[in-house]
Amino acid sequence: MMPSPSVTPSVVTPPASVRKLARWHVSMISVGGVIGAGLFVGTSATIAAAGPAVLLAYLGAGTIVWMVMLLLGELAIQHKGRGSFVTHVASALGWRSGFVTGWSYAFLWIVTGAAQAVAGGMILGELFSIPPLTGSIGLVAFALLMNALPVRVYGESEAALSLLKLATLTLFIGLGALWMLETPAALERVHSNLFDHGGMFPRGMWTVPAVIPMIVQTFTGCEIAFVASVESENPEQNIREIVTRLPFLVLLFYLGSVLVVLCLRPWTEVVPGHSPFLLVMRYLNIPFAEMATIMMTLLAVLSCLNSSKYVVSRVLRELSDLGCAPPTLAHSSRFGVPVAAVALTAGLEILIILTAAWSPSSVYTILLGASGTLILFAYLMASISCLRLETPSKKRRISLLAVLSSVVMLALFLVIPCFPDTRVDGAFAFGFIALALSVSTLIRTRLPSSIIRSDLC
Numbered sequence: 083m084m085p086s087p088s089v090t091p092s093v094v095t096p097p098a099s100v101r102k103l104a105r106w107h108v109s110m111i112s113v114g115g116v117i118g119a120g121l122f123v124g125t126s127a128t129i130a131a132a133g134p135a136v137l138l139a140y141l142g143a144g145t146i147v148w149m150v151m152l153l154l155g156e157l158a159i160q161h162k163g164r165g166s167f168v169t170h171v172a173s174a175l176g177w178r179s180g181f182v183t184g185w186s187y188a189f190l191w192i193v194t195g196a197a198q199a200v201a202g203g204m205i206l207g208e209l210f211s212i213p214p215l216t217g218s219i220g221l222v223a224f225a226l227l228m229n230a231l232p233v234r235v236y237g238e239s240e241a242a243l244s245l246l247k248l249a250t251l252t253l254f255i256g257l258g259a260l261w262m263l264e265t266p267a268a269l270e271r272v273h274s275n276l277f278d279h280g281g282m283f284p285r286g287m288w289t290v291p292a293v294i295p296m297i298v299q300t301f302t303g304c305e306i307a308f309v310a311s312v313e314s315e316n317p318e319q320n321i322r323e324i325v326t327r328l329p330f331l332v333l334l335f336y337l338g339s340v341l342v343v344l345c346l347r348p349w350t351e352v353v354p355g356h357s358p359f360l361l362v363m364r365y366l367n368i369p370f371a372e373m374a375t376i377m378m379t380l381l382a383v384l385s386c387l388n389s390s391k392y393v394v395s396r397v398l399r400e401l402s403d404l405g406c407a408p409p410t411l412a413h414s415s416r417f418g419v420p421v422a423a424v425a426l427t428a429g430l431e432i433l434i435i436l437t438a439a440w441s442p443s444s445v446y447t448i449l450l451g452a453s454g455t456l457i458l459f460a461y462l463m464a465s466i467s468c469l470r471l472e473t474p475s476k477k478r479r480i481s482l483l484a485v486l487s488s489v490v491m492l493a494l495f496l497v498i499p500c501f502p503d504t505r506v507d508g509a510f511a512f513g514f515i516a517l518a519l520s521v522s523t524l525i526r527t528r529l530p531s532s533i534i535r536s537d538l539c
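Rendered as structure tokens:
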């Protein structure tokens, strides 16, 4: 029998000994989740799909994520920093909604973490001639050890990795700016790269809204701040500052990097699956460009894998406190680490990695695509939860944003199955949600009504 879906103090109001993360740790853990292999390699797919118009798509996606961050921040502030948006969804929409949202969110990050490990295993295989599967599992084990450290130590290590990534991206954007200043007729070359290969919309204006869902999925990770803030020293203050800064920080580095690529090289030279960063650095004759790109990508992979394991383990602990997962997952070490949840996360990541080795072009690809679709569902549920806020401090601006975000998220979520390339992924995501809803209904019928919290009915 599942435990009572009550929220214990360990998650909702962590004791002072557990709240060890500083504000910059929370921000950097989120950055670690956002900036992974998807930026260094995945941007090639969006550039190839939309050409220079992808810049407008990034602006649109950034606006959408900014809206969601404002709403998640409002939910967190209304709940005084207690619990992540999973708890907030359960409080606003009921226990079943919290169950489905929490497990969907955990699943997408399990797959994301495994995907980072798969990418890292391939890199290690090229560098050291070891089997990619061995390298992938080794990265998962390394991230497991990192996450088993005391919360403060983990926060410091992940912050260091994220800062290295930001420094690398700053250097890349700086190289692009230096090229602009020192290259004769640089503006003419930039104009040619942007407009002489089919114009601003070489594949049609419709490609802009078409690739926005893909880009929103690559921005997944901003919301980790609201999970990590639970273990921070001053959750409410941290949330208020992160909401206004983090989305712009992420958009700055994504948009800046893509802009450098498009300005220095024609979009027609970008090949999906191949790093556009390497393309630019080869053009600039950067010494050891290939090795620098490989190490940059490996660093991003390790950081993102680290963050994914963190967020899954905390969400699993929260689901356990809500009565949506076995009680063992709520147990934490004396350092505040949910060891069982971290270990389970690593085990599930290894299962996903095995599907990549067994069926890389079918099962693994479908899982990866479906996980990206599920973030839109999580954002949709958070937006709808904001519509249910009934507090004196609720502002009209938040109400309008909640309505707009709900409509946009629902549209993006429903449009994915309409495209041939994402139809199977969308169907699998819908199937996962239906399965989670069925399981929650089955569990609910077996739980005595006396142990169901009235505010989660």
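Start counting at 1 in the sequence shown, then tack on 82, and there's your number in my numbering.
Ideal placement from N, C-alpha and C gives every residue a C-beta, glycine not left out.
Top-ranked residue by Cα proximity to residue i, from the options
i	options	result
residue 183	397, 347, 380 and 243	397
residue 466	185, 103, 200 and 179	179
residue 205	278, 384 and 388	384
residue 311	321, 304 and 200	321
residue 495	162, 152, 296 and 269	296
residue 318	161, 136, 502 and 507	161
residue 277	133, 422 and 240	133
residue 242	506, 411, 382 and 482	382
residue 392	367, 191, 506 and 375	191
residue 299	365, 117, 517 and 485	117
residue 503	469, 447 and 515	447
residue 303	514, 144, 469 and 513	144
residue 416	230, 128, 260 and 316	230
residue 207	195, 196 and 221	221
residue 301	510, 112 and 516	112
residue 293	364, 254 and 127	127
residue 62	517, 368 and 437	Any answer about residue 62 is impossible in this case: the structure gives the chain only from 83 up to 539.
Short Cβ contact (8 Å threshold) for residue i with residue j
i	j	result
residue 360	residue 275	no
residue 233	residue 424	no
residue 526	residue 177	yes
residue 219	residue 432	yes
residue 167	residue 379	no
residue 435	residue 215	yes
residue 314	residue 114	no
residue 413	residue 237	no
residue 395	residue 427	yes
residue 352	residue 104	no
residue 449	residue 140	no
residue 376	residue 209	yes
residue 456	residue 189	yes
Any C-beta of chain B under 8 Å from that of residue i
i	result
residue 433	Among the protein chains of the structure shown there is no chain B, as only one such chain exists.
Residue i classed as buried or exposed, judged by whether at least 16 other C-beta atoms fall within 10 angstroms
i	result
residue 355	exposed
residue 500	exposed
residue 92	For residue 92, the predicted structure reports a pLDDT of 40, less than 50, and the residue's modelled location is therefore unreliable. A value from the coordinates is still provided. Buried, since its Cβ has 16 or more Cβ neighbours within 10 Å.
residue 349	buried
residue 463	buried
residue 223	exposed
residue 282	exposed
residue 288	exposed
residue 523	exposed
residue 88	Note that residue 88 scores 39 on pLDDT, short of 50, meaning its location in the model is unreliable; the coordinates nonetheless yield the value given after this. Exposed, since its Cβ has fewer than 16 Cβ neighbours within 10 Å.
residue 270	exposed
residue 147	buried
residue 286	exposed
residue 305	buried
residue 407	buried
Length of the line joining the Cα atoms of residue i and residue j
i	j	result
residue 217	residue 201	10 Å
residue 307	residue 154	10 Å
residue 386	residue 198	7 Å
residue 489	residue 149	12 Å
residue 125	residue 341	11 Å
residue 536	residue 333	Low local confidence applies: a pLDDT of 46 at residue 536 is under 50, so the model's placement there is unreliable, and no value is given.
residue 470	residue 370	55 Å
residue 137	residue 335	12 Å
residue 151	residue 329	8 Å
residue 195	residue 258	31 Å
residue 363	residue 508	36 Å
residue 483	residue 284	33 Å
residue 157	residue 497	27 Å
residue 357	residue 171	38 Å
residue 403	residue 439	35 Å
residue 268	residue 492	43 Å
residue 266	residue 327	36 Å
residue 461	residue 187	10 Å
residue 373	residue 442	26 Å
Start-end ranges of the beta strand (DSSP E) lying completely within the stretch 356–383, minimum 3 residues: none
Every unbroken alpha helix (DSSP H) inside the stretch 227–305 [4 residues or more]: 233–264, 268–277 and 289–300
Within the stretch 451–525, ranges of the alpha helix (DSSP H) (whole runs, at least 4 residues): For the stretch 451–525, whole alpha helix (DSSP H) runs of length 4 or above, ordered along the chain, are 478–497.
Continuous alpha helix (DSSP H) assignments of at least 4 residues falling wholly in the stretch 92–146: Entirely contained in the stretch 92–146, the alpha helix (DSSP H) runs reaching 4 residues are, in chain order, 105–116 and 125–132.
Unbroken stretches of the alpha helix (DSSP H), 4 residues or longer, contained in the stretch 158–187: 167–175
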